[in-house]
Amino acid sequence: MGGAVDFGGAAAGLGGAAVNLGGVATSRGGAVTDLGGVAADLGGVATSSAGVATSSGGVAVNPGGAVTGLDDAAANLGGVATSSGGEAASSGGEAASSGGAATSSAGVAVNPGGAAANLGGAVTDFGGAATSPGGAAASSGGVATSSAGVATSSAGVATSSGGAAVNPGGVATSSGGAAANPGGVAASPGGVAASPGGVVTDLGGAAASSGGAATSSGGVAADLDGALANSGGAVTSPSGAVTSPSGAAASSGGAAVKLGGAAVSSGSTAANPTNTPWNLSPRRPTQVVHGIGGLAKWLSHQKGRTLTLLADPAVAESETVDRIIACAAWADRAVELYVPDGPGTLESVTELAERLRGSELVVAIGGGTLLDQAKLAVLISAAPVVRDRLAARGRSGLVLLPAEAEPAVPVVTVPTTVGTGSELSGGACLAGPQGKRLVLGGGLQPDVAVLDPVATRTLPVELLAEGVFEVFFRVAGMYVGDPQDLPTEDAFTLTLLRRMTELGAELASVRRAGLKPGDALRLEIAKLSGVSHGPWFNAGRDPSACKGWYLANELSTGLGLRKMTAAAAVLPPLWRRIAEGDVHWGSARRLRRLWQAVTSAHSPALPEDPVEGIAALLDAWLIGRDIEASEERTELIARSTLRAWGDGLPTLGALTLTDVRRVLTEAVHRLPAAEAVHRLPAAGAVCQAPAAEAVHRPSTAGAVRQTPAAEG
């Protein structure tokens, strides 16, 4: 029985080979260790469970790395092999055997062309596949091989019939001697897969980092659906691998296992060894400009003579658009104004990408939905592979874009809403048949974000309040959802939460007085909305720690609600689970610490209990959370949530359908099936909740207006 558990291409088998949490393979005897993807003892030489590795040819390797012969095979004393035919070994630690195959000082056999060979007398072909004299490749450990001579997993890592991950040289090699597996993962001369930056990115499947753990472009192990892997780059169970009744691999002690296409931990959320953010890329952080007037100077230093201005229908004829056109004229730029009115699906974004092909510079003004469409369209126009990735079928709600996908022209964002932070983030939401998907990629990071209080003057005050809560919800979710203490990052986070709490209370006072929030207050909120996406807040955290986001996304989709209405309904029952000690949702200790920071900044005073307190805060901020749904509808939403974000995917980690159902059931008021309606209208975009965009649609929607530079 193979029983292999796949962690980004590495496998552990039921046949006796196990893998520990450090990514080191051990036999039941404890003798075999894996120092770079190859079973090895302390000297770097393959060993059996007894501590001495023997091949089918009878050659044994001792713990010191010296080869000793059991059947007239030649041996050395210093780790340098000589053949029985008397060929000499080189002083540099490499020698040629009588068969022409060389062994390195680590004891790994290679032929002159760089192809890996079997230590036990097996010959190698020029494709790098180890074969026995009879033509069938096999080691004494029962390594299964394909017709090409090497057994490989879908990620290109060789596996034995027992499931133990092996490969003659630690990595597949091409006929030219360049290390590469069938999946295209490059390897360095040392046999460790690595790019010049130290991390291989194979976004079509998985890649190996210098530590042997499969990583994607962001340093996170990824399968084809974009699911991430976690837990130190290893898979373990007491017997080598445990499978659940459904056939998915499971771990009994919190080790990373593959469940439904992604490695997750049974004890908590799946994460990569360093909790690397999903959207790492070589792109520089977005430059923030305060005030539209500051855009003129930036434009004067850019190439090209034409600016393409994408405007949300709700603000297409606003003062903000006129001011941007005036800035362009000052910088001697002609303006082409276009008002997209597509639904934000892949089809409409692709159409927008075609329209933007050939643009020299793109400025997008609007809410989160419009900004997301603009960022995706610009990237698709420059890198068609992005569309292919977005079009790929899969149940995962998370899509990771190729790291090499970069926009061809600068992108400037001017947000007219707050909370989403799309103007500063490398993320976007994309509408699809199964709901909204979260798309992450460094190529989505805008070049410049313009924050101007004039741009948010048209935003209804209730949506401004929801924007404050959205920042609170996202930042608090990341802080509480990850149990580890990060002193510097924690200090930044708590400072931000205290300030957002102050602004939320101030805005609530303005609303109760019947006043309109001033420019200064709206600018402060907009600044913190963007700042909340800064890498210094969550560096080292589990990137999927904010579990409530996934539930709110599906609840808002399923009931046609604004995102923050769903989030406000979900948060109290979710915090109740955490306070009761359910570590799958988050840390009760960190929740208490966070709530102390919040209560210290809020006036009037809030209850000391976090669960009672968050409900009181939502009411004080006038955030609606009254939702009604039937039991049947709630069940459907719970199942869709698990399908898109859980059931083996790392975003919900080890949370089960029962866990999700319990929170959602408590979040809604139950109605009989015949009366199943929700009280709030389906308003705005589900993922980013820029409902202000739906307030009015001027007749210019979908139209183009050309403005020569001289007309500014």
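Counted from 1, the sequence shown has number 118 at position 118 by full-length UniProt numbering; the numbering is strictly sequential. The beta-carbon is built from N, C-alpha and C at its ideal position, and this holds for glycine as well. What you are looking at is a predicted structure, and each value in this text was computed from that prediction instead of being measured.
Please report the residue range of the beta strand (DSSP E) in which Glu628 lies.
628-630
Go through its chain and collect everything with a Cβ distance to Pro410's Cβ below 8 Å, but skip five positions before and after it.
Hits under 8 Å: Gln302, Leu361, Val362, Asp447, Val448.
Under the three-state DSSP convention, the category Thr651 falls into
coil
Measuring straight from C-alpha to C-alpha, what distance separates Thr651 and Gly367?
26 Å
Which residues does DSSP pair with Thr306 in a beta bridge?
Ala334
Could you check how far apart the C-beta atoms of Leu486 and Arg541 are, in whole angstroms? I think they sit under 8 Å.
7 Å
Proximity below 8 Å, CB of Glu489 to CB of Asn538:
yes
Can you pull the DSSP bridge partners for His669?
Glu628
Please report the Cβ distance between Gly477 and Ala545, rounded to the nearest whole angstrom; I am assuming they are in contact, meaning their Cβ atoms lie under 8 Å.
7 Å
Counting only the same chain and skipping the five closest in sequence on each side, list residues whose C-beta sits under 7 Å from that of Pro572.
Val611, Ile614, Ala615
Have a look at Asp312 and Leu352 and give me their C-alpha separation to the nearest angstrom.
13 Å
Any chance you could list the alpha helix (DSSP H) runs of at least 4 consecutive residues sitting entirely within the segment 370-451, in chain order?
385-391
Tell me the rounded alpha-carbon separation between Ala644 and Lys436.
10 Å
Classify Asp519: buried if its beta carbon has 16 or more other beta carbons within 10 angstroms, exposed otherwise.
exposed
How about Arg355 and Arg333: are their beta carbons less than 8 Å apart?
no
State whether the segment 444-464 contacts the segment 410-426, with contact taken as three or more CB pairs (one from each stretch) at a distance under 8 Å.
yes
Taking a contact to mean a Cβ-Cβ separation below 8 Å, would you say Arg498 touches Ser600 in this structure?
At the C-beta level, Arg498 and Ser600 come within 8 Å of one another.
Can you look up Gln596 in the DSSP assignment and give me helix, strand or coil?
helix
Which stretch, first to last residue, makes up the alpha helix (DSSP H) that contains Val510?
487-512
Rounded to whole angstroms, how far is the Cβ of Ile365 from the Cβ of Ala455, which I believe are closer than 8 Å?
7 Å
Find the nearest neighbour of Leu310 within the set Ala326, Leu591, Lys375, judged by alpha-carbon distance.
Lys375
Below 8 Å on the Cβ atoms is my contact criterion, and I expect Thr641 with Glu524 to pass it. Report the Cβ-Cβ distance as a whole number of Å.
Not confirmed; about 34 Å, so no contact.
Smallest Cα separation from Thr416: which of Thr320, Tyr338, Glu666, Gly558?
Taking only the C-alpha atoms, the option nearest Thr416 is Thr320.
Rounded to the nearest angstrom, how far is the Cβ of Gly291 from that of Asp452, given a contact under 8 Å?
5 Å
Could you spell out the range, first to last residue, of the alpha helix (DSSP H) harbouring Gly477?
461-481
For Leu618, count neighbouring Cβ atoms within 10 angstroms of its own Cβ and tell me buried if that reaches 16, exposed if not.
Per the 10 Å Cβ criterion, buried.
Beta-carbon gap between Met500 and Val531 smaller than 8 Å:
no
Which stretch, first to last residue, makes up the beta strand (DSSP E) that contains Arg362?
It should be pointed out that residue 362 corresponds to Val in this sequence rather than to Arg. 362-366 is the span of the beta strand (DSSP E), which, as asked, contains Val362.
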